[in-house]
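So the sequences go chain by chain: A and B. So the mapping is simple: the numbering used here equals the position in the first sequence, first residue as 1, plus 11. So the mapping is simple: the numbering used here equals the position in the second sequence, first residue as 1, plus 30.
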Amino acid sequence: MSASETPLVDVFKKLSLESYEAAVHEAHGEAGVDALVGLLANVRDLLTHVPHEMLTRGVVVIAPIDPTATTLTYEDGATVAKLSELAGRAVDALTVAVLGVAKFRVWLSHEVDVVSNGPVLIYRYVHQVVEEVVIDQTSWEINDTPWACKMAIPTFTEVEDALAKYVAENRIPVQCGHLSRTWRDDKRLAFLEKPEKHMRRSLIWALTLSVNDVNVRPEVGQGETKPVDVEITWLSIKRSAIIEIKWLGHSGPKDATTFSTSYTQARAVAGLRQVAEYLDIRDATDSTTPVMGYLMVFDARRRGLTATQSEINAEDGLHFAMSDPEYPADLINRPDMGRPFRCFMEPICT
Amino acid sequence: VDDSAVEDSLLSPEESVEGDELDFVDEGIEHIATNPVDDWSPAATFDVLFLTSALGRQSPPSNIELHTFAYLACLLSVFRGRPASEWGYTFSAIPPTLPFSPGIEAALAELVASGLIQATAPVLDEDTDGVMLARHQVVDAGSQELAVWRGLTTFSGRVAYLEAATKTAVFSSLPGVVNSLSNEPQLRLAMRTDGPRMLLTSVTSGPLYEQFGALVEALGPEHEELVVPASLYLNFLTQQARERLDALLDVQEDDES
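Structure, rendered in structure tokens:
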């Protein structure tokens, strides 16, 4: 039975069981929910001053559910009134204990022994490893997004900035569950068959969370042409952007001795031409809505790769890392064509 | 189309004209809000000041986000069994702006004009896709005013709904909430039909009531606070959108093969 056929009550019950917000309410009532919201607000504030990408050993933030009734015991550390006081430090490990309003105890370590005489909530983030909230010794993984850190999802007013950040974050594609499902092997050498739908899910979800004042949806297609992959509609004005997704490299079933599909840079050029043709059709059918076109290329080209290969060295694996396709000038110079993006997804090299 | 015609179309759903007759829609909301004083509502003024202050701790909101979070707060009052007609101002879907409240737009203009809210001017970048809306922040005088207003009995009953709505953003992001809520049945229908329509009318609210009824049953009628139901409802809308996306991708994949 699909979720859509499940009675609504059961759908909500399942969502509730999977929700750490509901779990904290179940354990600690309204005070627990308030403490959770307060904890996450402090985490968001902290991560605007301390880049999450640096936290490779991790950050731990501890907050009592009832600060007036709970005492935290610890050694050393420093007290700060604002988390902005931590800005500018190059730290890979950090522990913050929330002592009250505008009162935090801070250590430049992720392994601090903080003892509590009452219930606490804990947030923990280790870059590219884990992002979790701990409620009564139970860990809740909280990041179900394509972005590295859910509490530090970047927001943008321009689509191009969001796409550039998405490309940068997925150079080493370990966070996004959708992109993880595209790989044929655990070294990220080649894709499984038809990886495009996972890429589309990933990009739609990422843009949904990070671009201000727009609605992000799959384009459902008009007329006889194949629909483009993503459509972005501005909520303030009649204006849209479309994104076509293409992938480069090899794909095929696991354990097959040959690849079923291989795409070179010609595929990217064809994708850009497809965007241009679509822009022409849109202009002819609705000239009142300006549309910008973009191409997003997921690039997993590896030099000399064979279907039976299980490892790759850095020279071959990263050969195409800095190798943009050459696009025709008549396409790239169109006023309604945004710059093409290429997300080179690095393999795990020997 | 002048402003009075716009107001009539918002307040009299039975007399609403079709989208192709409303050429003001093509211009976007900034153009239909140039003389919004007739839409002034004390409740909307309080809500805008409250929402701008609360959301500003995470990210200074645009007017689009203020409309959305005000609508979410209104939905939460409906969830608690309060008639939407008692909310104090109306909401419509006027694509591309979903949802849109003339009361919120008027209140924001008034608060900016009176200096209680500061609007950061947008920077347009014509070379790319630049469509940047002003972001808003409450200044010190606005915070002082808000502290007084939230103690008034006129407004104190609204605080729980507004607080719960803004707290949902801490679990996601402001754009995340805007996109999730766009899957609310009435907003989704408006998006698909691309025509203006009144929201939360007795005719249009049926699917919403059905969803809220199931949510109450799932949590239990004794559930006392609003953040968890608000967050679960947004998660539900997001899940529905993902399922529709999966179904669409499967169909398109079949078409290609």
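Even for Gly, the Cβ is constructed at its ideal location relative to N, Cα and C. Since we're looking at a predicted model, the values are computed, not measured.
- By the rule that beta-carbons nearer than 7 Å mark a contact, A:Asn-226 touches chain B.
- Among the CB atoms of chain A, one or more fall inside 7 Å of the CB of B:Asn-209.
- The beta carbon of A:Ala-89 sits closer than 6 Å to the beta carbons of Val-117 from its chain, once the five residues preceding and following it are set aside; these are given in chain order.
- The beta carbon of B:Pro-205 falls within 7 Å of a beta carbon belonging to chain A, placing the residue at that interface.
- Here A:Leu-203 is not near A:Ile-164, since their CB atoms are 7 Å or more apart.
- Those residues of the stretch 317-337 of chain A placed with their C-beta closer than 7 Å to a C-beta in chain B do not exist.
- Listed along chain A are Ala-52, Arg-55, each with a C-beta nearer than 8 Å to that of B:Gln-88.
- In summary, A:Ser-95 is exposed, with fewer than 16 beta-carbon neighbours lying within 10 Å of its beta-carbon over all protein chains present.
- Residue contact check for A:His-36 against chain B: a CB pair falls below 7 Å.
- In this structure, DSSP gives B:Ile-94 a helical state, which the three-state scheme calls helix.
- With a threshold of 7 Å between beta carbons, B:Glu-255 makes contact with chain A.
- A:Thr-296 and A:Ile-243 have their C-alpha atoms some 18 Å from each other.
- When secondary structure is reduced to three states using DSSP, A:Cys-360 falls in the coil class, being assigned neither helix nor strand.
- With at least 16 other beta carbons inside 10 angstroms of its own, A:Met-307 counts as buried.
- One thing to note: B:Leu-278 has its Cβ within 7 Å of the Cβ of A:Pro-229.
- In summary, B:Ala-100 is buried, with 16 or more beta-carbon neighbours lying within 10 Å of its beta-carbon over all protein chains present.
- In this structure, A:Phe-309 and A:Cys-354 form a Cβ contact; the two beta carbons are roughly 5 Å apart against a cut-off of 8 Å.
- Around the beta carbon of A:Tyr-289, 16 or more other beta carbons sit within 10 angstroms, so the residue counts as buried.
- The alpha helix (DSSP H) runs lying completely inside the stretch 281-315 of chain A and spanning 4 residues or more number zero.
- Contact between B:Leu-79 and B:Val-168 holds: CB atoms are separated by about 6 Å, below the 8 Å threshold.
- For the set B:Thr-223, B:Gln-216, B:Phe-109, B:Ala-136, the Cα lying nearest the Cα of B:Pro-237 is the one of B:Gln-216.
- C-alpha of A:Glu-255 to C-alpha of A:Ala-279: approximately 10 Å in a straight line.
- Listed along chain B is no residue with a C-beta nearer than 8 Å to that of A:Thr-17; the closest approach is about 11 Å.
- Think of a sphere of 7 Å around the beta carbon of B:Ile-94: the chain A residues whose beta carbon falls inside it are Asp-224, Leu-246, Ser-247, in chain order.
- Look at B:Phe-266: its C-beta is under 7 Å from a C-beta on chain A.
- Nearest Cα to A:Thr-319 within the set A:Ala-332, A:Phe-167, A:Asp-196, A:Asp-147: A:Asp-196.
- Put simply, the backbone Cα of B:Leu-176 is about 7 Å away from that of B:Phe-76.
- The three-state secondary structure of B:Tyr-263, taken from DSSP, is helix.
- Counting along the chain, the unbroken beta strand (DSSP E) around A:Phe-352 starts and ends at 352-355.
- The Cβ-Cβ distance between B:Leu-256 and B:Ala-114 does not fall below 7 Å.
- Taking A:Pro-78 as reference, the option from A:Glu-326, A:Pro-301, A:Leu-19, A:Ala-108 with the minimal CA-CA separation is A:Ala-108.
- Segment contact: the stretch 240-247 of chain B against the stretch 189-206 of chain B, fewer than three CB-CB distances shorter than 8 Å; contact not assigned.
- Rounded to the nearest angstrom, the Cβ distance from A:Ser-120 to A:Ala-104 is 5 Å, consistent with a contact under 8 Å.
- Counting along the chain, the unbroken beta strand (DSSP E) around A:Tyr-274 starts and ends at 272-274.
- Annotated three-state conformation of A:Arg-135 is strand, per DSSP.
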